[in-house]
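Reading through the structure tokens given below for one structure.
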Amino acid sequence: MRFWISFFSLILIASFPFELEIGHYRVTMPLVLIVSLTLWTIRELPLRKKLYLFISLISTAMCLTGLKLVSIYDPVLMIVDPFIVDVVVLIIMGFLFYGDAASRNVRYASALLGAALGQVFIGMILTAIGFGHTIGEHKYMDVAAVSFLILLGIDGLVYMNRLFNAKLQSNKGDVHHL
24 MRFWISFFSL
34 ILIASFPFEL
44 EIGHYRVTMP
54 LVLIVSLTLW
64 TIRELPLRKK
74 LYLFISLIST
84 AMCLTGLKLV
94 SIYDPVLMIV
104 DPFIVDVVVL
114 IIMGFLFYGD
124 AASRNVRYAS
134 ALLGAALGQV
144 FIGMILTAIG
154 FGHTIGEHKY
164 MDVAAVSFLI
174 LLGIDGLVYM
184 NRLFNAKLQS
194 NKGDVHHL
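So for the sequence shown, the numbering used here puts the first residue at 24; every next one is plus one.
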């Protein structure tokens, strides 16, 4: 597993400066690779869970797009840095739709795909009104990386909490001092 994680990280780093031209849009290669990996991760989900994932993706993307448009239109309304807001939105939406520990891989995929879809929405809007925008810009990669690492850290803390609670629980049902 460690080999594949390091291999994919190296591929993302190596493909960072490259872009694709798709119609009127410029798309970065890391975005294409992340979307491909997350789609490969969710390929075996049943149809019902894929539909639920689609709803979570649309909700996350619309939330990120709305916040980005507000920060572009009136930056004074954004009290907190938009980078921090994007990270917090991805984490909250990930836990809102996938709160149980059994679906942590789908939570990661939901956060990454939701951010990617939000980039597509904002890229389409900004290109339509005449601004040049690269879909999957460098800030997206930062937001995706920080959100993913925070989600991993939270899941690690939850795992350690369960491990320590299992070790510290007394054996219920044992009869002591009869």
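Glycine is no exception: its CB is placed at the ideal position from the N, C-alpha and C atoms.
Asked                                                                                                       : Found
Contact belief for Leu56 with Ile34 at Cβ below 8 Å, rounded distance in angstroms                          : 6 Å
Close Cβ partners of Gly179 (< 7 Å) along its chain, the five nearest in sequence each way excluded         : none
Sufficient close CB pairs (3 or more, under 8 Å) joining the stretch 111 to 118 to the stretch 27 to 42     : no
DSSP-derived helix/strand/coil call for Arg66                                                               : coil
Phe41, buried or exposed, once every other Cβ within 10 Å from all chains shown has been counted against 16 : exposed
Rounded separation between Ser82 and Ser38 - CA only                                                        : 29 Å
For Val58, the nearest candidate out of Leu80, Gly122, Val181 and Ala125 (CA to CA)                         : Leu80
Extent of the continuous alpha helix (DSSP H) to which Tyr121 belongs                                       : Unbroken run through Tyr121: none, as it is neither H nor E.
Those residues which DSSP pairs with Ile158 across a bridge                                                 : Val50
Ala45 - DSSP class collapsed to helix/strand/coil                                                           : Looking at the sequence provided, one finds Ile at residue 45 rather than Ala. In this structure, Ile45 counts as strand in the three-state DSSP scheme.
Contact set for Ala134: own chain, Cβ-Cβ below 6 Å, skip 5 residues either direction                        : Leu113, Gly117 and Ser170
C-beta contact flag for Gly146 and Ile158 at 8 Å                                                            : yes
Inter-residue Cα distance where the pair is Val181 and Val143                                               : 33 Å
Coil, strand or helix - Ile177 by DSSP                                                                      : helix
Gly153 (DSSP reduced to helix, strand or coil)                                                              : coil
Alpha-carbon to alpha-carbon, Ala84 and Arg49                                                               : 19 Å
Buried or exposed by the 16-neighbour rule on C-beta atoms within 10 Å, applied to Phe187                   : exposed
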